[in-house]
Structures are given as C-alpha cells and as structure tokens.
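Chemist:
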Amino acid sequence: MFSTIGAMLAALLVGGCYSYTPPPLASESDTYTHRKVDQQEKLLDQVDVLSLVVAQQVAVQNNPDYIARYHAVSAAQMRYYQSLSAYMPTISASFSGGNSIDDYSQQVNNTSSRQNTWFSDTSLQASWLLFDGLQRTMKVMAQKASHRYYENLEEDSRRLLVRGVAYAYNDILLAIEKQRIAMADMEFQLKNLKETQLKYQAGAVPLSDVLNFKIKVNDATGKQISAEYSYKVSLYSLAVLMGFPQGTLPEHIKFPPIDTDLDRTLTSIEVYLDTALNNRPDLKAYRELLQVSRYNLYQAYGKYSPTVSAHGAMGYGTNLTRWGAGSNFSHSYYNNPNAAYWLEANWELFDGFNRYNSVRESQALLAKSEFEAANTWLRV
798 MFSTIGAMLA ALLVGGCYSY TPPPLASESD TYTHRKVDQQ EKLLDQVDVL
848 SLVVAQQVAV QNNPDYIARY HAVSAAQMRY YQSLSAYMPT ISASFSGGNS
898 IDDYSQQVNN TSSRQNTWFS DTSLQASWLL FDGLQRTMKV MAQKASHRYY
948 ENLEEDSRRL LVRGVAYAYN DILLAIEKQR IAMADMEFQL KNLKETQLKY
998 QAGAVPLSDV LNFKIKVNDA TGKQISAEYS YKVSLYSLAV LMGFPQGTLP
1048 EHIKFPPIDT DLDRTLTSIE VYLDTALNNR PDLKAYRELL QVSRYNLYQA
1098 YGKYSPTVSA HGAMGYGTNL TRWGAGSNFS HSYYNNPNAA YWLEANWELF
1148 DGFNRYNSVR ESQALLAKSE FEAANTWLRV
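Add 797 to a position in the sequence shown, counting from 1, and you land on the number used in the numbering used here.
1) Whole angstroms is fine: what's the gap from Q853's alpha carbon to V959's?
2) Rounding to the nearest angstrom, what Cα-Cα distance links K1165 and L1074 in this structure?
3) Starting from the N-terminal side, write out each stretch of the beta strand (DSSP E) that is 3 residues or longer and does not extend beyond the stretch 861-921.
4) Where do the N-terminal and C-terminal ends of the alpha helix (DSSP H) with P1078 fall, by residue?
5) Between which two residues does the beta strand (DSSP E) carrying S1031 extend?
6) Given Y884, which residues of its chain have a CB within under 6 Å of its CB, disregarding the five upstream and five downstream residues?
7) Answer yes or no: do E948 and A1036 have a C-beta to C-beta separation smaller than 9 Å?
8) Give me the DSSP bridge partner(s) of V962.
9) Could you check what DSSP says for R1180 in three-state terms: helix, strand or coil?
10) CB-CB under 6 Å to A1137, same chain, minus the five flanking residues each way: which ones, in chain order?
11) In whole angstroms, what separates the C-alpha of C814 from that of I898?
12) For the pair the stretch 990-1003 and the stretch 1018-1036, tell me if three or more CB-CB distances fall below 8 Å.
13) In terms of alpha-carbon separation, which member of E1085, L1162, R933 and L1175 lies closest to Y946?
14) Could you spell out the range, first to last residue, of the beta strand (DSSP E) harbouring W1144?
15) If you follow the alpha helix (DSSP H) that L1162 is in, where does it begin and where does it stop?
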C-alpha cells in the first residue's frame, strides 16, 4: 500500500497535470467540406499495399472509441488513488485577522470615547480516522477491482476493434474477388451472346438461346454492381474503424489478393470454448464487477460499526486594544498560544433503517452482478 502511495506522490510531483494527444481537429468542424485536416489523415501516406496487420495497428492507434476507453482506465486508476487518501490524516490551516472600532462618544458618563482593537488568530488542525468498521478498506478494494474492470473493458474494446477491422478488411478482399469474377463472367457471357446471335441469324439456334444468354449477361452485371456496392460499404467501415474522418482511405491504397488456403483444419470446439472462457476480457471484466459488488456489500455492513478518530489542534492568537479620549489613551495586549488533542468515538445506533435498506440494496446489486456474469459466460 505504501509503495502505491509513494508512486502516486511521485507521479503527481513529476508528471504534473494529465496530458494526452487531443482528437482529430476535423471533429471540431461543423461541416465536412471545411473540416481541418491533421496528421491522422496522413498515417497511410507511406503505405501502398495495406495489410490486415497494418490496418489493425492504425485502428488501435487512431480509433477514438478505443482511445476513450484508454482514458476511462486512467480515470478509474485515479479514483483508486483517491480512495487511498482515506488512510491519511487531514491537515488544515486557518488565519483570521482584523480591526474593530467602537465609538462611545454618545454615551453618558463614559470617560472613553473610542476603542480600537486589532486582533489575529492562527491555527493548525489535524484529524485522523483510526477505525470505521473497514468501510474505507472495502472502498479501496472496490475501486481497485473497478480499475481492473475498466482495464478489461479496454482490452475487450481492442478485441472488438481488431475483429471489426478484420471483418471489414476481409469483406473488401471478398468484394474485390467478386468483382473480378463477375467481370470475367460478364465477358464470357457477352462472348457467348455474340456467337449465339450469329448462329440465330444463320438459323442454327432458336431465339430462346439468345434470350437465355442476355439473361446471363444481366445477371453477371447485377453481381458486379452488388460486389462494387459491398466494396464501397466495407471500405467505408474500415476507414471509420481506422479513425479516418473523411470516411474513406487514400486513393493510392491497394489491397493484396485474397488468401485461398483451404487446407487449414480446426480442432475440437471444446478447445476454443476453454480458451475463450480463460482469456475473454469481457468475461474478466464482469467478474471484476462482481467483486466490486461484493466489496460494496461489505462496506454497507461496516456502517453498523462505531468510528474512532484522533484530532489535534494548535493555535496562536493576539489582541491589541487601545481606548481613551483626546490624548489620554490606554492600551492592553495579550497573545494566547494553545494546543489540544483528543480522541472521538461515534456509534450510530439507529438511523431509521437507512443502513438496513442500504445492505439490502447492496445484496440486490450483488445478485444482479452474479446473473450478468453468468449471462456473459453464456454469451462467450
């Protein structure tokens, strides 16, 4: 615990404020045509043939949704560090000073027509919570589990991003091949149509043969248009996943031919199930969320416990008073150093069943987390 606190203090002194690379400037524009072009749109300037690995690397580096998850992890880590501060004492200092003037000239039989007082008070207070029924301990454990939950969410976001890029990338390769096949089929059917028309003109074949090849040409044309549409949609999906605000990739980008290795074999389904249940970050995330619910329940139980705190204070006060009339003035001055320390114990015996219902709420949320984790297990 103390090493973690030391690391937190060192990071505060050395790192200063939270720093990060801002999102693309294009997102600040109100229109697409007048958007600001920045470096994110130039990441593929040196790439001619885009591979799946490069596409996934650019997406992880440039996708705003994934980057937002990363900063959510940092925020969760800071909440964990904040919870550790509950073990530390709180120290505060205060100062007050001023001047008061009283005029007694209108009072009857008063020898002093004016009183002028200068005063100051400086104090230092310290308070340290010694015991609270392990509530702060459970809060620290809950925040630590919450930090791991967000870490797993980030990893799952990366998994989904890489998978989405792979789907879109392979859809592009498939659409390119479909276009090529459709064009070759159309050229073949056009050749057959021309030959059949010549035979029909010579009276060697009936008109139905000519119409049949016209249907095949139209069918091939439709497949080519469908493949071109799939290509454009997949290209748009890939560009968005890679974080390009223009919604498309640079025109010079080419794609490699599709891999047609059909000799790969799959192992039994049990191997994949065991691997997924041991490695899926979304399942790990919900299990951490289940731990958070458990710690929250334990923290609710701690509200029934007494709390013990230690306090200390020290101060220094001064007072200078002058009074009199005309040239006849008197004065008094004193300073008052003081110090005190004490222990304070507090035990709330009844609060209108607030703690009782808080425990029941935590139990219900724990049951909810258990079933959500079970549902995630089934989904995996």
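Positions of the beta carbon are idealized from the N, C-alpha and C atoms, including for glycine.
Modeler: Well, looking at it:
1) Cα to Cα, Q853 sits roughly 6 Å from V959.
2) Roughly 20 Å separates the two Cα atoms.
3) Taking 3 residues as the minimum length, the beta strand (DSSP E) runs contained wholly in the stretch 861-921 are 887-900, in order along the chain.
4) That run of the alpha helix (DSSP H) goes P1078 to G1099.
5) Looking at the DSSP string, S1031 is not in any beta strand (DSSP E); the run it does join, the alpha helix (DSSP H), is L1004 to L1038.
6) Setting aside the 5 residues that flank it on each side, Y884 has no residue in the same chain whose C-beta is closer than 6 Å to its C-beta.
7) In this structure, E948 lies away from A1036, with their beta-carbon atoms at least 9 Å apart.
8) None, per the DSSP bridge assignment.
9) Given a span of 798 to 1177 for the chain in the structure shown, any question on residue 1180 remains unanswerable.
10) Non-local C-beta neighbours of A1137 in its own chain, meaning closer than 6 Å and more than five positions away in sequence, comprise A1110, ordered along the chain.
11) A straight line joining the alpha-carbon of C814 with that of I898 spans about 47 Å.
12) As far as the Cβ criterion goes, the stretch 990-1003 does not touch the stretch 1018-1036, which means the pair count is below three.
13) Answer by Cα proximity: E1085.
14) Taken as a continuous stretch (DSSP letters only), W1144 belongs to no beta strand (DSSP E), as it is neither H nor E.
15) Looking at the DSSP string, the run of the alpha helix (DSSP H) that includes L1162 is N1151 to R1176.
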